[in-house]
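Okay, structure first, notes after.
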Amino acid sequence: KRPEPGQSGVMGLLDGEEMFIKPEGFDQIHERGGLQHRLKDDAKWKPLGIGSGKLEDNS
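Okay, so the sequence shown: first residue is 158 according to my numbering, each after it adds one.
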């Protein structure tokens with residue numbers, strides 16, 4: 158690992174620290190007016206086959 162602070166890049170993906178590589182500010186630029194869109198739902202983007210396999214109860 159690199160001792161410098163900053164984005165972890167591919168090593169972060171391999172170590173399980175990150176799910177995606179995105180440049181800084183990516184989410185802010187791509188908000189498109191801040192409207193809630195069906196694809197912005199976090200449940201939509203849960204990776205399949207990763208983790209314990211147990212469903213989380215969010216109620």
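Cβ atoms here follow ideal geometry from the backbone N, Cα and C, with glycine treated the same way.
Contact criterion: CB-CB distance below 8 Å. Does residue 167 meet it with respect to chain B? Looking at the structure shown, chain B is missing, and only one protein chain is on hand.
Quick check on DSSP: helix, strand or coil for residue 198? Here residue 198 sits in coil by DSSP.
By the DSSP assignment, the alpha helix (DSSP H) with residue 185 in it spans what residues? Residue 185 -> alpha helix (DSSP H) spans 183-186.
Measuring only the C-alpha atoms, how far is residue 193 from residue 174? Distance between the alpha carbons of residue 193 and residue 174 is about 26 Å.
By the DSSP assignment, the alpha helix (DSSP H) with residue 171 in it spans what residues? 166-171 is the extent of the alpha helix (DSSP H) around residue 171.
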